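Below you'll find the structure, written out as structure tokens, and then a few comments.
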Amino acid sequence: MSDWSKALSGFAREAGGGAGNRGLEIEEHLLFEQDEPGRTGVDLPEPSSVPDRLGGMRRESAIGLPGLSEPQVVRHFTRLSHKNYAIDTGLYPLGSCTMKHNPRLNEKVARLPGFADLHPMQPMATVQGALELIDTLAHWLKTLTGMPAVAMTPAAGAHGELCGMMCIKAALEARGEPRRRVLVPESAHGTNPATAATCGYEVDPIPANARGRVDLGVLKQKLGPDVAAIMLTNPNTCGLFEDETLAIADAVHAAGAYFYLDGANFNALVGRVRPGDLGVDCMHINLHKTFSTPHGGGGPGSGPVVLAETLARFAPLPWLVHDADGFRLVEQNPGEAIGRIKGFHGQMGMFVRALAFMMSHGADGLRRAAGDAVLNANYVLARVADVMTASYPGPAMHEVLFDDRFLEGTHVTTLDFAKAMIDAGFHPMTMYFPLVVHGALLVEPTENESKAGLDHFIAVLRGLAERARAGDADYFHAAPQLAPRRRLDETNAARKPVLRWRPPTKVAAE
Amino acid sequence: MRYLSLTDTNRAEMLAVIGVPSIDALYRDVPPSARIAGPVDLPHGQGELAVERALTRLAARNVPAGSVPSFLGCGAYRHHVPAAVDHLVQRGEFLTSYTPYQPEIAQGTLQALFEFQTQVALITGMDVANASMYDGATATAEAVMMANRLTRRRKAILAGSLHPHYGETVATYARFNGFEVAAQPPDAAGMGDPAAAIDAETSCLVVQYPGFFGELRDYSAAAEACHRGGALLIVVVTEAVSLGLVKPPGAMGADIVVGEGQSLGNALNFGGPYLGLFATRDRYVRQMPGRLAGETADVEGRRGFVLTLSAREQHIRREKATSNICTNSGLCALAFAIHLALLGEAGFSRLASLNHEAAVRAAERLAAVSRVSLMTGTFFNEFTLRLPVPAAPVVEVLARRGVLGGVPASRFWPGNAELAPLLIVAATETNTEDEMDAFAQALGEAIR
Amino acid sequence: MSIVKYTSEHEWVRIDGGEAVVGITDYAQTQLGDVVYVELPERGRTVAMGKEAGTVESVKAASEIYAPLSGEVIDINASLGDEPARVNTDPMGEGWFFKLKLSNPAEADGLLDEAAYQKLVAGLT
């Protein structure tokens, strides 16, 4: 049998090297490796020979794009999709990410031509329904958070953080107080200090206390007339509610600083607690977390920022205004608005999806969803606390944090444990974040998970913990064995980065 | 509620296991004064039919661009997206998956990103591209900050060809990140010499190609002037389809190419979500922000893909990161990649030719309207007309007559008398000759 | 006769008269994991004691390299561009980072000697 035939029929795998198909899981080469010159998957009319107006700027060389037919392209991406785990596949317990169900109603309404086929620069009279939708979503966000204003344009959570910190900086400049420092808990998501630094601030970390919360004593010590803001997450990244939040708000405000809340964990609070009641000045909301817009393999997101009265006038352009003439966008403003932070008006496609989600749940449903998210996390905690080491005593909020003390002496690391979960059919939880505990494992089941699904997940966690403590480290080191790929060499990928396909160089003629 | 899988029986069982009487008890760390007693003042939940009805009603109050003759550009372009694209991106494994942090079970996303990166590098004529950014405007701001890091200078020159939203975004970032922007006035005639302003403090010159007013210019000389002055040339492409027909920015000597990828695979969506393209030279790759998919092998020697060079990113570098960016525009990038895979070399260049042809025909008809003149000599699929009257009211009249006839420059620069009569018009493969006739007719009537 | 001293940031410095070679210690490379990239200061650059002089990256972390002493960078280990793994396999030898011409050799008195550094590491592990 030829090598090619062997490879195709799976013999190569048995021989211990090379790739081969395995039933439904099919090896798929790159698009560029399937080229036939001149082939295309789109039928377009022949251009006529009208004299061009390119001014000599016509491309002279080929681009090098491969030509495939439509069936080939459909197969290519279908096969690729088979290699992905997704929410639709199973529980995706990534702490801090809120991997909740992505309803298909959202996809349907977002694709209505009356939303999807609108050009951003159409005359405003022709897009009143779209502007009203944005206004309605803004109303929901303000009501749920108890805040008077909202900036809708940020394209993602981190972008929302940037927007919020820019508003704070502008407000301080308007006050004539160029404060230089921003306080950020050590448990914070990396985007927080990165955002502060992008705005030119010096980042001053606050440690966690023994209860996993921000150390109020240290915080008060660090406050001073040069502190611009604190960036807090609540519930925090350890899955705990920052119960001293009112005292924190008071201390921060007394020092003349602003209270920024990272809203990534809003799923625990939505419909039950309003950040506005906690003294928050500014908070970004991740529509792709709390409000179910799809993660799409990494994006796009949407990060509207709710603002207190003191910050509202600095919100970036454009502003959406509703008056007797209807809805319109204010696109230029000599006032104190910080200017644009992106093109056009915001992530309209995500707005439609988020509003559909909110309308489907309603105020009552959102409250119930938050409660179920918290219930599910605490159930997991209660059922594995005897075999895994929870970092802090409960109750947890919507996510629960474990550390690697339960793996001590087993030669199994958090990473190894996670890879073994893959073979058991689960996407691992968030690992090694937050940094305040060793070998963190952060579990967030979300509200959609059934009790039976959780019980299955818990059984796997218990089984793996037992197996590690029984000394079967080899099993964990070899994991995963059943996924489309086994462990990949990330070291070499970073040492000798290959970031694109290149055509094979022709060997020079002898 | 149909998305919640727990029943009341389940809840009771689970609470018993946890050892608390109610879900409210789990919120005991929340100060009582901050807990709201009941649902907030918003409507109750509704079934699918009701929600669909309500949103369909809202949608019906808009005029979809495809329902009338539409000739709008200015950084967002209406192209035909093949049906297969939308079906593929809605596969649950793409739609509902996350950032590929566990590469063993994310090879679909990672390989697609690797292919996307290759496509972007190829069409821009550059060495390497990232896995996308939020949009063209933020990609431009990130490119300027990258140029600042590389040159250790803090002044960016923005040419008059740059999309005003992009320029405003860079200016906002400049204000807060602490660098300087020298923005040249809008260059409707396409005659400006932006490179003349380069000095010893310039980190980069940012030009747009094709320009905001439509003009196609060769920036090779500008690249040389930048390099002589120790600065970088950043070329911004807001219409990705143009790269199917025109000389690529890489061939002109660009150091960084950024732009907007919406034109391929993605609907207009009233301005978002879009995707920022970002490409550069090999030697600058470690300063490039955003995600990167890289090729490697697994322990069995099989080729696979991983996110790489992550040490630059926020989750590791925190305050020293190249950017605070966390998401890319994953699903939009996938749609771009699928569309371009379907087009291939032959289809992409044909699509671009059809766009140029449409614009040439549209320009001829519109310039033939009495007292209307064409300002742009060389263009791809967008050009600027000079009307004998202010363009903004004309556009309103056209809309009432059922034609979305271009964008008035005054929408971006109100109060600028020189630009008031200018109308920016785009034509794509979706515009028929009948539509062009209808536009020309309506325009003639509107300016009488 | 060269002497080796250490900083609390886990750099070592081998001082020979008015010149010194700088690298990171075995403890540091273990903490970092596989080194993938080292960003070194340019030849001719002046560095100040305790200030940032470069970066060393692994897959999962990135750390600043601080100049243990003040001086001018007279040589850098260009082989690390192709072979960053040397930092892991031979951190005190072939994994060196850069060589300085010292502007103030007396600064070395403020650094840790072998015993003091080992004590520091023992306290961390």
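As given, the protein sequences belong to chains A, B and C, one line each in that order.
Start counting the first sequence at 103; every next residue gets the next number (my numbering).
Start counting the second sequence at -9; every next residue gets the next number (my numbering).
Start counting the third sequence at -11; every next residue gets the next number (my numbering).
Beta carbons: idealized from backbone N, C-alpha and C, even for Gly.
Nothing here was measured: the structure is a model prediction, and the numbers come from that model.
State the DSSP-derived secondary structure class of residue 318 of chain B, mapped to helix, strand or coil. coil
Distance, residue 107 of chain B Cα to residue 598 of chain A Cα: 17 Å
When A:157, A:496 and A:415 are compared against residue 367 of chain B, the one with the closest alpha-carbon: A:157
Establish whether the CB of residue 192 of chain A and some CB of chain B are separated by less than 8 Å. no
Leaving aside the five residues before and after residue 110 of chain B along the sequence, list all residues of the same chain whose C-beta is less than 6 Å from its C-beta, in chain order. 119, 267 and 269
Which first and last residues belong to the alpha helix (DSSP H) in which residue 430 of chain A is found? Unbroken run through residue 430 of chain A is the beta strand (DSSP E), 428 to 432; no alpha helix (DSSP H).
Identify each residue in the stretch 17 to 36 of chain C for which the Cβ-Cβ distance to at least one residue of chain A is less than 9 Å, and report them in chain order. 21, 22, 23, 24 and 25
For the beta strand (DSSP E) containing residue 198 of chain B, list its first residue and its last residue. 192 to 198
Could you spell out the range, first to last residue, of the alpha helix (DSSP H) harbouring residue 439 of chain B? In the structure as shown, chain B begins at -9 and stops at 438. Residue 439 of chain B is therefore absent and cannot be evaluated.
Residue of A:480, A:455 and A:476 minimising C-alpha distance to residue 38 of chain B: A:455
Taking just the CA atoms, how far does residue 528 of chain A sit from residue 26 of chain C? 36 Å
Give me the Cβ distance between residue 193 of chain B and residue 145 of chain B, rounded to the nearest whole Å; I'm assuming they're in contact under 8 Å. 6 Å
Provide the residue span of the alpha helix (DSSP H) that contains residue 42 of chain B, from first to last. 38 to 49
I need the DSSP call for residue 126 of chain B, collapsed to helix, strand or coil. helix
Can you name, in chain order, every residue of its own chain whose Cβ lies under 6 Å from the Cβ of residue 376 of chain A, other than the five neighbours on each side? 247 and 248
Keeping to the same chain, check which residues put their C-beta closer than 7 Å to that of residue 3 of chain B; ignore five residues upstream and five downstream. none
Assigned secondary structure, residue 227 of chain A (DSSP; H/G/I helix, E/B strand, else coil): helix
Using the C-alpha atoms, what's the distance from residue 130 of chain A back to residue 286 of chain B? 15 Å
From the DSSP output, in three-state form, read off residue 333 of chain A for me. strand
Can you tell me whether residue 52 of chain B is helix, strand or coil according to DSSP? strand
Quick one: what's got a C-beta closer than 6 Å to residue 151 of chain B's C-beta in the same chain, skipping five residues either side? 177, 197, 198, 201 and 202
To the nearest angstrom, report how far apart residue 258 of chain B and residue 187 of chain A are at their CA atoms. 29 Å
Can you tell me the Cα-Cα spacing of residue 235 of chain B and residue 32 of chain C, whole angstroms? 47 Å
Beta strand (DSSP E) runs wholly inside the stretch 324 to 412 of chain A, at least 3 long, in chain order: 329 to 335, 360 to 364, 384 to 386 and 407 to 409
Contact between the stretch 221 to 237 of chain B and the stretch 55 to 74 of chain B (3+ Cβ pairs under 8 Å): yes
May I have a chain-ordered list of the beta strand (DSSP E) segments no shorter than 3 residues that lie completely inside the stretch 482 to 508 of chain A? 502 to 505
Where the alpha helix (DSSP H) containing residue 203 of chain A begins and where it ends: Premise fails: residue 203 of chain A is in no alpha helix (DSSP H) and is neither H nor E.
Where residue 79 of chain C sits in the DSSP three-state scheme: coil
Between the stretch 514 to 527 of chain A and the stretch 581 to 591 of chain A, do three or more beta carbon pairs fall short of 8 Å? yes
Can you tell me the Cβ-Cβ gap for residue 519 of chain A and residue 578 of chain A, rounded? I've got them flagged as a contact below 8 Å. 6 Å
Can you list, in chain order, the residues of its chain whose CB lies under 7 Å from that of residue 20 of chain C, leaving out five sequence neighbours each side? 44, 46, 49 and 51
Below 7 Å between beta carbons is the criterion; list the residues of the stretch 275 to 299 of chain A that meet it against any residue of chain B, in chain order. 292, 293, 295, 296, 297, 298 and 299
Mark residue 163 of chain A as exposed unless 16 or more other C-beta atoms lie within 10 angstroms of its C-beta, in which case mark it buried. exposed
In whole angstroms, what is the alpha-carbon distance linking residue 397 of chain A and residue 403 of chain A? 7 Å
Here's the rule: buried if 16 or more other CB atoms are within 10 angstroms of the residue's CB, otherwise exposed. What is residue 181 of chain B? exposed
Helix or strand or just coil, what does DSSP make of residue 119 of chain A? Low local confidence applies: a pLDDT of 39 at residue 119 of chain A is under 50, so the model's placement there is unreliable, and no value is given.
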